[in-house]
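This report refers to the structure that appears directly beneath it.
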Amino acid sequence: MALLDSAHRVSTDRSPSQHFTEREIHPAICLAAGFGVIIGAAALVHVVFNVLL
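Letter 4 of the sequence shown, counting from 1, is numbered 150 in the numbering used here, and no numbers are missing.
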């Protein structure tokens, strides 16, 4: 029942120590960057193996 009890839930509110001027990165940007890294790594492997073989 601890998962359902609101007293045990982790708060998603900002702590007072964090400044409101900080900008958080949108999750879609992180997702696009992740896919970009994967596609870039695959392209690099593809090019390297085409040159070597």
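Glycine included, every Cβ here is placed at the ideal spot set by N, Cα and C.
So what does DSSP say about residue i, is it helix, strand or coil?
i: I171; result: coil
i: L190; result: helix
i: L177; result: helix
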